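Notes follow once the structure below has been shown.
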Amino acid sequence: MKINRRSLIKGSVAAGAFTAAGFPHIWTKDASLAYAAGNEIKVGVLFSLTGTTGIIEESLNKATIMAIEEVNAAGGINGMKIVPIVEDPASDPATFAEKARKLVLGDKCVSVFGSYTSASRKAVLPVFEKRKNLYWYPTLYEGRECSKNVIYTGAVPNQQQDEFVPWLVKTFGKRWSLIGSNYIYPKEENNYCKKLLAGLGAEVIREEYVPLGHSEFSSVVNKFRAEKPDVIFSTVVGDSVVALHRQYRAAGLDPEKMPMASLTTSENEVAAMGGDAAAGHFTSAPYFMVWDSPENQKFVDAYRSRWGADKVTHFVSEPSYFQVKMFAEACSKLAPGDINPANIREAVKGIEMMAPQGEVRLDAATLHTYLWPKIGQCKSDGQFEIIKQSSSWLAPVPYKAYENQTCTEQGLKET
Ligand code: ACM
């Protein structure tokens, strides 16, 4: 058997004998691929710290940084430190694309963790696909994407709606109003919702979209008052979530008779609006801060001790945290000279790990994640009471609304 340097290094890693300090970074043949150079692995952190989704993305930055600090404190990746390069794309898709190019081409990051909105993910996607880099996306989204250059750790529609919508119809009724921010995510999510509602014999009496950053909901709220839907299904995002809930409450509407059922209202937005404005409304998500598990207790305690005792964790900060751990585990399977986006993607396929929400698995075919759907009702203390939880993890089906399309390891398959 011919033994070359690469297989020797790989073998020594597998045997646990390798320490980075023992090998200067001579193993990379091509300087442009020196991702693990100088005992450091650079990654980008691309969440908005300002602008309309800064309200939530700032907490995704914090969860990401905390996870990186934990990996480094525990010895790094086979002795190498993860070095985060933080950029603020200011809730603007064009700035996301510009900063992504800087992180991938200028800083030579081996991966970038980023984005809340699908608009910003779509804006950076060409950068990652053209440069064959990896984007780690922690947010719930509309599905209908099958990229080899994105690792998706948030929920897709089947993981938030399959239990939620039938339960809401059974509990509250069949006349629904849909309200969302005006971009791809709410529209696709609502397409899926309308399919489920049609199958349940329910009707949509209003479907309305407001601009991102919208803060004047009085005319929408007046329509709710006049039309009296059984359920208001909300995919409004960012600081608009705060305005919608406050104006609903100020108008004296009653969540017991006309609840808002949201896919985007987390503990984070509730903290900003005040628990009274959110009390009684429902959210479907794989994670709530009150989830009772040792892993979650550890996550919440660490987050509060790092960022402040008043801070909350939620269903987008939790995947922001565990996806860094997945990245580290994938990199730790590779010899330093083999750490590049393509090898990380292969190494992450099928990874299972205990996350704060429960055990999660990165699906090899779709690069999406098996998650644990739950339904929570918000209380006036700003936390959710979990009123329903799935008995097993649920596979991601990113094309469930499109029966003729499937995401496979070979790419999108159309029949
Ligand atoms: C989203 O835009 N995926 C919330």
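Residue numbers for the sequence shown follow this note's numbering, so the first one is 35 and each next one is one higher. Glycine residues also receive a C-beta, built at the ideal position from the N, C-alpha and C atoms. All figures in this text were calculated on a predicted structure; none of them were measured in a lab.
Check                                                                                                                       : Outcome
Below 5 Å from a heavy atom of the ligand ACM - residues by beta-carbon                                                     : Thr151, Ser152, Thr173, Tyr175 and Tyr219
Opening and closing residue of the alpha helix (DSSP H) in which Cys412 lies                                                : Note, Cys412: premise wrong, no alpha helix (DSSP H); beta strand (DSSP E) at Lys408 to Cys412.
Sequence-distant residues of its chain with Cβ nearer than 6 Å to Arg395 (five each side left out)                          : Glu386 and Tyr404
Best match in Leu246, Gln195, Trp201 and Glu223 for proximity to Ser215 [C-alpha to C-alpha]                                : Leu246
Contact check, Pro127 vs Ser145, beta carbons under 9 Å                                                                     : no
In chain order, each beta strand (DSSP E) run of at least 3 residues that lies wholly inside the region 339-423             : 386-389, 392-396, 408-412 and 418-423
Chain-order list of residues whose beta-carbon lies under 6 Å from that of Gly50 (same chain, five-residue window excluded) : Residue confidence is low: Gly50 scores 32 on pLDDT, short of 50, so the model does not pin down where it sits. Its coordinate-derived value is still stated next. Correct list: empty, nothing qualifies.
Whether Asp310 touches Ser414 by CB criterion (9 Å)                                                                         : yes
Residue nearest to Ser274 in terms of C-alpha spacing, selected from Thr86, Arg178, Lys221 and Ile378                       : Thr86
9 Å Cβ cutoff met for Ser253 and Ala285                                                                                     : no
Range covered by the alpha helix (DSSP H) that runs through Ala107                                                          : Gly88 to Ala107
Closest Cα partner of Glu443 within the set Met307, Ala398 and Ala189                                                       : Ala398
Phe258 to Gln194 span [Cα, whole Å]                                                                                         : 24 Å
Touching by the beta-carbon criterion (3+ pairs, under 8 Å), the region 81-98 and the region 297-313                        : yes
Continuous alpha helix (DSSP H) stretch holding Gly309: start and end                                                       : Gly309 to Ala312
C-alpha distance - Pro58 paired with Gly384, whole-angstrom precision                                                       : For Pro58, the predicted structure reports a pLDDT of 36, less than 50, and the residue's modelled location is therefore unreliable. A value from the coordinates is still provided. Those two C-alpha atoms are separated by around 31 Å.
Closest residue to Cys441 among Leu234, Cys180, Lys408 and Ser354 (Cα-Cα distance)                                          : Cys180
Inter-residue spacing [alpha-carbon to alpha-carbon] between Ala134 and Met114                                              : 23 Å
4 or more residues per run - each alpha helix (DSSP H) lying fully within the region 133-206                                : 152-165, 191-195 and 198-206
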